[in-house]
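S.K.:
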Amino acid sequence: MNIASVIVDNFSKEVDILYDYIIPEVYIDVIKKGMRVIVPFGKGNKKIEGYVIEIKEHTETNKKLKDIFDIVDEKIYLNDEMLKMIYFLKDNYNCTYCEAVKTILPSKISVKEQLSVKLKAIDLNKIPKPYMYVVNQLSPNKYINIKNLKDEHGKNISKALIYRMKNEGILSVKSEFTQGINIKYEDFYAINDEIKAKEFLNKIDKRVKKQQDVIECIYKNGCLNSKSIVGETGCSKSAINSLYKKGLVKKIKKEVYRNPISKKYNYDKIQLNTDQIDAVNKILNSIGKSDNTVLIHGVTGSGKTEIYLKACEKLMEKGYGAIVLVPEISLTPQTLERFEGRFNNCVAILHSRLSDGERYDEWRRIESGEAKIVVGARSAVFAPVKNLKLIIIDEEHEYSYKSEMTPKYFTKEVAQFRVNYNKGVLVLGSATPSLESYYDAKCGKIKLIEIMHRVENKSLPSVDIVDMRDELKEGNKSILSRKLYSAIENNLKDGNQTILFLNRRGYSTFVSCRNCGYVVKCDRCDVPMTYHAAAHKLICHYCGEEK
Numbered sequence: 247m248n249i250a251s252v253i254v255d256n257f258s259k260e261v262d263i264l265y266d267y268i269i270p271e272v273y274i275d276v277i278k279k280g281m282r283v284i285v286p287f288g289k290g291n292k293k294i295e296g297y298v299i300e301i302k303e304h305t306e307t308n309k310k311l312k313d314i315f316d317i318v319d320e321k322i323y324l325n326d327e328m329l330k331m332i333y334f335l336k337d338n339y340n341c342t343y344c345e346a347v348k349t350i351l352p353s354k355i356s357v358k359e360q361l362s363v364k365l366k367a368i369d370l371n372k373i374p375k376p377y378m379y380v381v382n383q384l385s386p387n388k389y390i391n392i393k394n395l396k397d398e399h400g401k402n403i404s405k406a407l408i409y410r411m412k413n414e415g416i417l418s419v420k421s422e423f424t425q426g427i428n429i430k431y432e433d434f435y436a437i438n439d440e441i442k443a444k445e446f447l448n449k450i451d452k453r454v455k456k457q458q459d460v461i462e463c464i465y466k467n468g469c470l471n472s473k474s475i476v477g478e479t480g481c482s483k484s485a486i487n488s489l490y491k492k493g494l495v496k497k498i499k500k501e502v503y504r505n506p507i508s509k510k511y512n513y514d515k516i517q518l519n520t521d522q523i524d525a526v527n528k529i530l531n532s533i534g535k536s537d538n539t540v541l542i543h544g545v546t547g548s549g550k551t552e553i554y555l556k557a558c559e560k561l562m563e564k565g566y567g568a569i570v571l572v573p574e575i576s577l578t579p580q581t582l583e584r585f586e587g588r589f590n591n592c593v594a595i596l597h598s599r600l601s602d603g604e605r606y607d608e609w610r611r612i613e614s615g616e617a618k619i620v621v622g623a624r625s626a627v628f629a630p631v632k633n634l635k636l637i638i639i640d641e642e643h644e645y646s647y648k649s650e651m652t653p654k655y656f657t658k659e660v661a662q663f664r665v666n667y668n669k670g671v672l673v674l675g676s677a678t679p680s681l682e683s684y685y686d687a688k689c690g691k692i693k694l695i696e697i698m699h700r701v702e703n704k705s706l707p708s709v710d711i712v713d714m715r716d717e718l719k720e721g722n723k724s725i726l727s728r729k730l731y732s733a734i735e736n737n738l739k740d741g742n743q744t745i746l747f748l749n750r751r752g753y754s755t756f757v758s759c760r761n762c763g764y765v766v767k768c769d770r771c772d773v774p775m776t777y778h779a780a781a782h783k784l785i786c787h788y789c790g791e792e793k
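Offset between the sequence shown (1-based) and our numbering: plus 246.
(1) Does Asp451 come out as helix, strand or coil in the three-state DSSP assignment?
(2) Hey, could you find the ends of the alpha helix (DSSP H) Ser488 is sitting in?
(3) Using the beta-carbon count (16 or more within 10 Å), is Glu641 buried or exposed?
(4) Excluding the 5 residues preceding and the 5 following Val665 in the sequence, name in chain order all residues of the same chain whose CB lies nearer than 7 Å to its CB.
(5) Count the other CB atoms within 10 Å of the CB of Lys393; is the residue buried (16 or more) or exposed (fewer)?
(6) Classify His543: buried if its beta carbon has 16 or more other beta carbons within 10 angstroms, exposed otherwise.
(7) Who does Tyr777 pair with in a DSSP beta bridge?
(8) Return the chain-ordered list of same chain residues with a C-beta closer than 6 Å to the C-beta of Ser472, the five sequence neighbours on each side being excluded.
(9) Per DSSP, which one or two residues make a beta bridge with Gln425?
(10) Considering only DSSP beta bridges, list what Asn402 is partnered with.
(11) If we ignore side chains and look at the alpha-carbon of each, how far apart do Leu518 and Glu552 end up?
(12) Would you list the one or two residues that DSSP bridges to Ala629?
(13) Looking at the unbroken beta strand (DSSP E) that takes in Ser676, where does it start and where does it end?
(14) Val572 to Ile529, Cα distance in whole Å?
(15) Compute the Euclidean distance between the alpha carbons of Met328 and Thr307, then round it to the nearest angstrom.
(16) Alpha carbon to alpha carbon, how far is Asp433 from Glu260? Give it in angstroms, no decimals.
(17) Return the residue from the list Glu359, Val419, Glu445 that minimises the CA-CA distance to Lys293.
(18) Just how far apart, CA to CA, sit Pro707 and Gly675?
(19) Check whether the Cβ atoms of Val272 and Ile317 sit closer than 7 Å, and answer yes or no.
(20) Short of 8 Å in beta carbon distance, which residues of its chain neighbour Asn591, apart from the five on each side in sequence? Order them along the chain.
(21) Using DSSP's beta-bridge definition, name the partner residues of Leu571.
(22) Could you check if Ser532 is buried or exposed, using at least 16 other CB atoms within 10 Å of its CB as the buried criterion?
(23) Applying the criterion that 16 or more other CB atoms from any shown protein chain within 10 Å of the CB defines a buried residue, is His304 buried or exposed?
(24) Is any beta-carbon of chain D found at less than 7 Å from that of Lys658?
(25) Would you report the Cα separation of Met378 and Gly290, rounded to the nearest angstrom?
(26) Can you grab the Cα-Cα spacing for the pair Ile498 / Ile507, in whole Å?
(27) Considering only residues of the same chain and omitting the five flanking positions on each side of Asn248, which have a CB-CB separation below 6 Å?
(28) Report the CB separation of Ile253 from Leu264 in whole angstroms; it is logged as a contact under 8 Å.
(29) Could you tell me which whole alpha helix (DSSP H) segments of length 4 or greater appear in the region 326-380?
(30) In three-state DSSP terms, what is Gly544?
(31) Counting only the same chain and skipping the five closest in sequence on each side, list residues whose C-beta sits under 7 Å from that of Gly565.
(32) Sort Met562, Asp713, Met775 by Cα distance to Phe589 and report the nearest one.
(33) Tell me whether the beta-carbon of Gly534 lies closer than 7 Å to the beta-carbon of Lys691.
(34) How is Ser251 classed by DSSP in three states: helix, strand or coil?
(35) Is Leu384 closer than 7 Å to Leu365 when the C-beta atoms are compared?
(36) Can you tell which of Gly549, Asn512, Tyr503 has its C-alpha closest to the C-alpha of Asp524?
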């Protein structure tokens with residue numbers, strides 16, 4: 247007997263187990279691990295989506311097994327690495343199987359059951375009066391989606407009522423499963439009749455000049471969509487429609503990607519210095535090794551991004567892929583600009599501000615191998631990159647790499663799992679590494695690359711520290727020191743701009759005595775407590791202690 251272990255589309259921890267289903271004979275050679283199926287679930291045998299995790303010959307349960315109802319499609323959505331990652335997320339972050347699957351795959355690809363009904367050919371006089379408000383909205387000739395049906399109070403019809411009317415022989419019910427997001431198609435135009443098109447081009451008639459421009463554009467560039475034709479020729483869509491009606495061009499529906507990258511970038515290669523070349527070589531030499539984690543501790547402006555670019559370039563030459571992570575979505579555009587400018591269409595972008603359609607299409611580009619480099623925020627660590635050999639976590643010290651939503655995964659740990667599985671290398675980059683990463687590097691647990699000089703030996707900006715207690719003693723009660731005020735004033739006079747960073751939560755980052763400079767500190771952490779005006783409390787942002 248062929249049996250499939252399935253993760254059902256249900257987030258409840260009460261049903262968080264793998265369910266065994268019999269694979270019907272018609273699907274024995276079709277259903278594979280990682281595919282999506284439709285299964286009956288629960289006492290009511292509600293049809294829901296599931297993911298095949300394993301195929302086996304025997305089951306450990308004594309209960310009578312149900313048959314798989316249908317397949318969603320023949321695509322394998324979860325490869326062996328993704329299946330192992332589901333167990334990794336569940337075991338390490340206390341999430342359900344379903345939550346793990348939804349984290350790995352793009353949103354809105356789940357399928358839901360859609361019910362359509364039509365009236366059976368029966369005597370309307372025999373239908374009970376409570377059903378008539380439904381019957382009056384139906385006909386025996388076509389199916390209508392139940393979402394379009396209303397009860398006498400204007401509310402949606404319940405499925406329970408539909409099935410009750412079906413069981414009483416009043417309705418025929420048709421069940422379909424639809425995906426929340428679908429592939430996008432556009433009309434493209436190509437020459438339909440070569441002879442007529444050439445005759446049309448030879449006409450001397452000012453009234454069809456724009457249409458002739460369209461024909462020439464298609465001859466020159468091949469099959470194009472209307473947006474490209476309009477952009478190339480400056481004509482209106484009516485010119486294209488006229489040619490279509492005349493039979494000179496034909497429409498061809500083609501699949502298109504929803505592209506989140508609005509413009510093209512150009513980023514020239516830069517000659518690396520000795521420190522950067524050594525760093526690239528150490529990264530590449532770590533691939534396939536047991537010590538496959540590298541910390542790049544480089545001062546601001548030391549050229550870490552150029553190291554990332556060169557490492558990706560070398561790997562792409564061998565057909566390998568890479569993931570580049572940044573801590574905030576706001577940092578993604580500037581990183582994308584450099585990677586897309588260097589690698590063009592081989593780069594995909596993933597973050598939470600993409601539309602569902604854009605995210606789905608980017609995921610498909612990555613999964614197909616068209617995009618070999620992925621740039622994105624935390625969730626991009628799950629991207630299905632082909633031949634993955636490199637994951638880069640830039641600004642690795644940032645707290646945003648820890649998810650606050652279930653599953654509460656730590657991006658560094660997931661990345662480490664993936665490079666171990668793929669025999670790749672994990673690169674952590676920062677000018678101020680996290681304590682644990684720097685400790686591991688100093689202890690020799692991970693490799694350390696230190697770059698203490700900026701590119702072209704440029705000097706670091708000078709930093710002046712002003713003791714505000716001295717300012718107060720000298721009569722300055724402003725939040726700005728006299729030195730800072732003067733520097734801002736001179737900068738503005740020179741026509742330059744100034745940015746003041748106020749990096750804090752709460753009304754005031756500390757409460758101090760104006761006479762002696764004493765600052766109220768946390769008894770546990772020995773750090774200044776923050777004053778929150780709304781709550782009238784001092785709060786420690788490390789341990790949460792309040793005063």
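Note that beta-carbon positions come from the ideal geometry of N, C-alpha and C, so glycine has one too.
M.R.: In terms of the structure at hand:
(1) As a first step, residue 451 is located in the sequence shown; it is residue number 205 there, counting from the start. Of the three classes helix, strand and coil, the one that applies to Asp451 here is coil, per DSSP.
(2) Translated into the one-based positions of the sequence shown, residue 488 becomes position 242. Its alpha helix (DSSP H) spans residues 483-491.
(3) Stepping through the sequence shown from its first residue, residue 641 is reached at position 395. Glu641 comes out buried.
(4) The residue given as residue 665 occupies position 419 in the sequence shown. So the qualifying residues of the chain are Asn538, Ile637, Val671, Leu672.
(5) Taking the sequence shown and counting its residues from 1, the one referred to as residue 393 is at position 147. It is exposed - the Cβ of Lys393 has fewer than 16 other Cβ atoms within 10 Å.
(6) For the purposes of this step, residue 543 is taken as residue 297 along the sequence shown, with counting starting at 1. Per the 10 Å Cβ criterion, buried.
(7) The count along the sequence shown starts at 1 and reaches residue 777 at position 531. Tyr777 is bridged to Ser754, Leu784.
(8) Looking up residue 472 in the sequence shown gives position 226. The residues are Lys483, Ile486.
(9) By one-based count along the sequence shown, residue 425 stands at place 179. DSSP, once it has assigned bridges, lists Val357 as partnering Gln425.
(10) To locate residue 402, count along the sequence shown from 1; it is residue 156. According to DSSP, which records beta bridges pairwise, Asn402 is partnered with Lys396.
(11) For this step, residue 518 is matched to residue 272 along the sequence shown. For this step, residue 552 is matched to residue 306 along the sequence shown. Their backbone Cα atoms lie some 8 Å apart in a straight line.
(12) Sequence index remark: in the sequence shown, residue 629 carries index 383 (1-based). Paired residues: none, contrary to the question.
(13) As a position in the sequence shown, residue 676 is number 430, starting the count at 1. That run of the beta strand (DSSP E) goes 671-676.
(14) Looking up residue 572 in the sequence shown gives position 326. Looking up residue 529 in the sequence shown gives position 283. Cα to Cα, the separation comes out at about 19 Å.
(15) Sequence index remark: in the sequence shown, residue 328 carries index 82 (1-based). Sequence index remark: in the sequence shown, residue 307 carries index 61 (1-based). Going from the Cα of Met328 to the Cα of Thr307 covers about 26 Å.
(16) Your numbering for residue 260 matches position 14 in the sequence shown. Your numbering for residue 433 matches position 187 in the sequence shown. Rounded to whole angstroms, Glu260 to Asp433 spans 48 Å at the Cα level.
(17) For the purposes of this step, residue 293 is identified with residue 47 of the sequence shown, where counting begins at 1. Closest option to Lys293, Cα to Cα, is Glu359.
(18) The count along the sequence shown starts at 1 and reaches residue 707 at position 461. The count along the sequence shown starts at 1 and reaches residue 675 at position 429. Looking at the two C-alpha atoms, the distance is approximately 21 Å.
(19) In the sequence shown, the residue the question calls residue 272 occupies position 26. In the sequence shown, the residue the question calls residue 317 occupies position 71. Contact flag unset, no.
(20) Reading the sequence shown from its first residue, position 345 is the one you call residue 591. Excluding positions up to five away in sequence, the list reads Glu616, Ala617.
(21) What you label residue 571 is simply residue 325 of the sequence shown in a count that begins at 1. BP columns for Leu571 point to Gly622, Ile639.
(22) Taking the first residue of the sequence shown as position 1, residue 532 is located at position 286. So Ser532 counts as buried.
(23) Taking the sequence shown and counting its residues from 1, the one referred to as residue 304 is at position 58. Classification of His304: exposed, given that the 10 Å Cβ count is below 16.
(24) Going by chain labels, chain D is absent from the structure shown, which holds only one protein chain.
(25) As a working note, residue 378 is residue 132 in the sequence shown. As a working note, residue 290 is residue 44 in the sequence shown. Met378 and Gly290: Cα-Cα distance of roughly 26 Å.
(26) Taking the sequence shown and counting its residues from 1, one reaches residue 498 at position 252. Taking the sequence shown and counting its residues from 1, one reaches residue 507 at position 261. When rounded, the distance between both Cα atoms is 25 Å.
(27) As a first step, residue 248 is located in the sequence shown; it is residue number 2 there, counting from the start. The residues are Ile269, Ile274.
(28) Here residue 253 corresponds to residue number 7 of the sequence shown, with the count starting at 1. Here residue 264 corresponds to residue number 18 of the sequence shown, with the count starting at 1. Yes, they are in contact, since the Cβ atoms of Ile253 and Leu264 sit about 6 Å apart, within 8 Å.
(29) 326-339, 343-350
(30) Counting from 1 along the sequence shown, the entry for residue 544 is found at position 298. Correct three-state label for Gly544: strand.
(31) What you label residue 565 is simply residue 319 of the sequence shown in a count that begins at 1. Once the five neighbours on either side are set aside, the close Cβ partners of Gly565 are Asn633.
(32) What you label residue 589 is simply residue 343 of the sequence shown in a count that begins at 1. If we check each option's Cα against that of Phe589, Met562 comes out closest.
(33) Here residue 534 is taken as the residue at index 288 of the sequence shown, counted from 1. Here residue 691 is taken as the residue at index 445 of the sequence shown, counted from 1. No.
(34) Taking the first residue of the sequence shown as position 1, residue 251 is located at position 5. Of the three classes helix, strand and coil, the one that applies to Ser251 here is strand, per DSSP.
(35) The residue given as residue 365 occupies position 119 in the sequence shown. The residue given as residue 384 occupies position 138 in the sequence shown. Yes; because the gap between Cβ atoms is below 7 Å, this pair is in contact.
(36) The residue you call residue 524 lines up with position 278 of the sequence shown. Comparing Cα-Cα distances from Asp524 to each of Gly549, Asn512, Tyr503, the minimum goes to Gly549.
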